[in-house]
Structures are given as C-alpha cells and as structure tokens.
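What follows is one structure encoded as structure tokens, with my remarks underneath.
Residue numbers (the UniProt record's numbering), protein chains in the order written: chain E, 1 to 208; chain W, 1 to 208.
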C-alpha cells in the first residue's frame, strides 16, 4: 500500500497555495508516496463563517486520520514561531503514532529567534534561566522551535531538516520538504529490513 | 476515578510558574479533578541542552498520555498567536479523544489580532480572500485562534472561554481556566446522564 503523507504547513495561506500543494504532491509521487493536502477538498459553503471554519477543521482532521505520516513545515509564520495550526497537526499525528518529519526554511534556531525578538535584552535569573525583559524564560535547547514540536519529531526518529530559503521563497522552497521525503523513504526501508523483508520489495513506487 | 486534567499553557515560561501551577492545581481540586502540570516533575540533568529538551518532551507526552482531559491556555504568546507548544499539546489530546477545553485572556479574536499585525493593510483578492501586504490570507472565522485549534475544541463539545485579563495578569489570571473547569464538570454530568446514571453519583469530588 502506498504511504499517504499529510502535508502540514502555512503555505495554505499563500495566494498560490494550490500550486505549492501540486508541487508537493508531485514530489511525494517521485518518492512513491501519496500526498494528502489540506485545501485539496472544496468545502461547501456554510451559514456562518464559524460553521465554515468548523467544517474545514473536520475535513483536515479526517485527512490526518487517513494519513500514515506527516511532513510539517515549521518555518516561522507571522512572528518567531511555527504556524500554530501546523503545530496542532504535528501534535495530532504524533499522538496517533504516525511517521513524522519536519523542516524549516530559516537557519536561525528557536533560541536565536527568541533572542532577536527581545532585541538581545536577555538576563539570567538565580535559577540559571535566561529571561526576556517581560520575565518569560527562553528555551535554549538547540532546537528549531518549541521543544514539544522538535522533540516530538526527533524522539520518534523523524527527520528535522534545516534549510536556508531565499526571502521570497520562504514558504515555497521545497528543498527541506524533499529532504523529509528522502528521510521517510530511508526510514521505511530500515523498518522493513528490521522486519526481515528485502528492501527492494518495499520500493513504494512498485507496491500497489 | 478522579478525572486528570493536563494544564497546557505558556505560563510554564513565567518566573513564578510553579506558583501559577499550584493555583491551577488547587482550582482543579475545588472541582473534584486532579491536575497534571508540565514542569511538576524535576527532569534529571542531561549531557547536552538538546538531550535535556528531549527529556522534557518525553515527560510532558507521558503526562498527557496519563491525563483524561486538557485545558489549553491559548492566550497569545510572543506575537499574535497561541504558544506553539500548547497548540501541539492540544492537537495531541484531540487525537487521543480526550476531553478538551480552551481559554484565552484577550478579547480580540484571531482575525482582529491578524488585522492589527498588518496595521490594517488588508486587501481582498479576486477569490474573496482577505490578504495582508505579504500575500498571506487571513482567517476570519469568528474564532479565538487558528481554526484547527478553536475548531478542534468546539467540534468536540469543549468550552472555548474568552476573558479579558489585566495586562499584568495576562498569563496568571485564572478566570478563564476556572470557567473551563466548570464546563468540564457540566460536560461530565451530562455524559453520565446520557449513560443513565444519576448525576449526583458522578459528583467528581465523591467518586474515588
């Protein structure tokens, strides 16, 4: 059966979202996977904006339930951290024991971005915690984002890919996405080897 | 058995995090619930910051796995959206079919905050989507945050509580948290009624 990958990320908010989703779908195919992209389905109109939003929430959760894996685009979105919708979806897939991978298109890590957010005005408290002028502590864990996100992926053996995209391709550069696909393909080959099957039997492009 | 509630929120970053967690724990007790708070356990030192972060990720996931419900503090954190760690945790608990509730301590909804982020410089494209100067579309769904978060809670029958906290109590005001506790208690009473049991048998404070 072909592995189905849910493509989580803030590119759904782009004017050319469908084009980016099509490119992600094509890349998934190249590695023998199927893509399940939020925004692929047309959501019927609803009586209120709230009802419409709830309908999208249901469709996206259904898509995740039917997927075997997620690749989460954790590139910072409207601020220093990942898109919260993507963070929700990554947590949702981690809880289901699905295969997980993540990428970011900026090279500054979570700590460096938080430091920049505070303009470098950091102090260290008596307990050794680094804090901003607002008293909030900074995570300094050599991670691309909050430890639940980065840790959730890395602890499950998933790839965490960092790639520097051009400013005008922050959400469209798919280098990191493709690296995640390669890592997933490799992970599946290893798993099948562990199960005593020949890796070539598992070439995803030939198995359905 | 006493319902165990995982208390997700950015208050873990406060200098007085333990004090806030103790107050949340006391409120949970008042409604007959047990609190499971991230940061409650001491994590042993690790060789690297990365390893320490991964250890916290594991402990927090274990705590969620052992909890029956989550109350997520979705108050905006270092920007216009909720804390991404909290978003991950909310998704994690939604996927497990746990009871969910959320609150925010600001009254501006997600759309209003995004509008402010763009300084009101919004245009409407040919497809009817509102977009910022960077071309990214704005969600306008009458929701407190990204539709996956708000929708994930509301679609499960969970409370979404909005309360205006004072500026200096943005992460410590527990009015919304207590409203979520009341809603959870009510939800449990209804569920038990649906199951044909007398609600008074289910008074959480008497059932273990």
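Every residue, glycine too, gets a C-beta built ideally from N, C-alpha and C.
{"Item": "Contacts of residue 66 of chain W in chain E (Cβ-Cβ under 7 Å)", "Value": "Simply none; closest approach about 13 Å."}
{"Item": "Residue 183 of chain E versus residue 28 of chain W: straight-line alpha-carbon distance, rounded", "Value": "43 Å"}
{"Item": "Neighbour flag for residue 100 of chain W against chain E, beta carbons, 8 Å", "Value": "no"}
{"Item": "is_contact[residue 33 of chain W, chain E] using C-beta, thresh 8 Å", "Value": "no"}
{"Item": "is_contact[residue 123 of chain W, chain A] using C-beta, thresh 8 Å", "Value": "Looking for chain A here will not work: the only protein chains present are E and W."}
{"Item": "Contact with chain E by residue 146 of chain W, beta-carbon distance below 8 Å", "Value": "yes"}
{"Item": "Range covered by the beta strand (DSSP E) that runs through residue 103 of chain E", "Value": "99-104"}
{"Item": "Proximal chain E residues relative to residue 179 of chain W, where beta-carbon distance stays under 9 Å", "Value": "What residue 179 of chain W touches in chain E: nothing, since even the nearest Cβ is about 19 Å away."}
{"Item": "Own chain partners of residue 142 of chain E with C-beta closer than 7 Å, once the 5 adjacent residues on each side are dropped", "Value": "109"}
{"Item": "Beta strand (DSSP E) runs wholly inside the segment 107-167 of chain W, at least 3 long, in chain order", "Value": "160-162"}
{"Item": "Residue 34 of chain W, enclosing beta strand (DSSP E) - first and last residue", "Value": "34-36"}
{"Item": "Endpoints, alpha helix (DSSP H) assigned at residue 25 of chain E", "Value": "17-30"}
{"Item": "is_contact[residue 82 of chain E, chain W] using C-beta, thresh 8 Å", "Value": "yes"}
{"Item": "Outcome for residue 76 of chain W when other beta-carbon atoms lying within 10 angstroms are tallied against a minimum of 16", "Value": "buried"}
{"Item": "Residues sharing a beta bridge with residue 7 of chain W, DSSP", "Value": "W/71"}
{"Item": "Start-to-end residues for the alpha helix (DSSP H) that takes in residue 92 of chain E", "Value": "84-95"}
{"Item": "Contact set for residue 145 of chain W: own chain, Cβ-Cβ below 7 Å, skip 5 residues either direction", "Value": "74, 81, 82, 110"}
{"Item": "C-beta atoms of residue 49 of chain E and residue 6 of chain E nearer than 8 Å", "Value": "no"}
{"Item": "Residue 60 of chain E at chain W interface by Cβ criterion, 8 Å", "Value": "yes"}
{"Item": "Buried versus exposed call for residue 16 of chain W [16 or more other C-beta atoms within 10 Å across all chains shown]", "Value": "exposed"}
{"Item": "Straight-line gap, residue 119 of chain E to residue 12 of chain W (C-alpha atoms, nearest Å)", "Value": "22 Å"}
{"Item": "Among E/114, E/113, E/170, E/99, nearest to residue 180 of chain E - alpha-carbon criterion", "Value": "E/99"}
{"Item": "Chain E within 8 Å of residue 71 of chain W, Cβ atoms only", "Value": "no"}
{"Item": "Local Cβ density within 10 Å of residue 148 of chain E, reported as buried at 16 or more and exposed below that", "Value": "buried"}
{"Item": "Any chain E beta carbon closer than 8 Å to residue 27 of chain W", "Value": "no"}
{"Item": "Residue 79 of chain W - DSSP class collapsed to helix/strand/coil", "Value": "strand"}
{"Item": "Proximal chain W residues relative to residue 49 of chain E, where beta-carbon distance stays under 8 Å", "Value": "140, 141, 142"}
{"Item": "Option in W/130, W/189, W/103, W/51 with minimal Cα separation from residue 114 of chain W", "Value": "W/130"}
{"Item": "Nearest residue (CA-CA) to residue 150 of chain E, options E/54, E/186, E/20, E/86", "Value": "E/86"}
{"Item": "Proximal chain W residues relative to residue 43 of chain E, where beta-carbon distance stays under 9 Å", "Value": "Those do not exist, as residue 43 of chain E stays about 11 Å from chain W at its closest Cβ, beyond 9 Å."}
{"Item": "Whole-Å CB distance - residue 95 of chain E paired with residue 95 of chain W, under 8 Å assumed", "Value": "4 Å"}
{"Item": "Per-residue burial, residue 139 of chain W [other beta carbons within 10 Å of its own, 16 or more giving buried]", "Value": "buried"}
{"Item": "Cβ-based burial, residue 107 of chain E [other Cβ within 10 Å; buried from 16]", "Value": "exposed"}
{"Item": "Local conformation of residue 170 of chain W per DSSP, three classes", "Value": "coil"}
{"Item": "Integer Cβ distance of residue 102 of chain E from residue 72 of chain E, believed to fall under 8 Å", "Value": "4 Å"}
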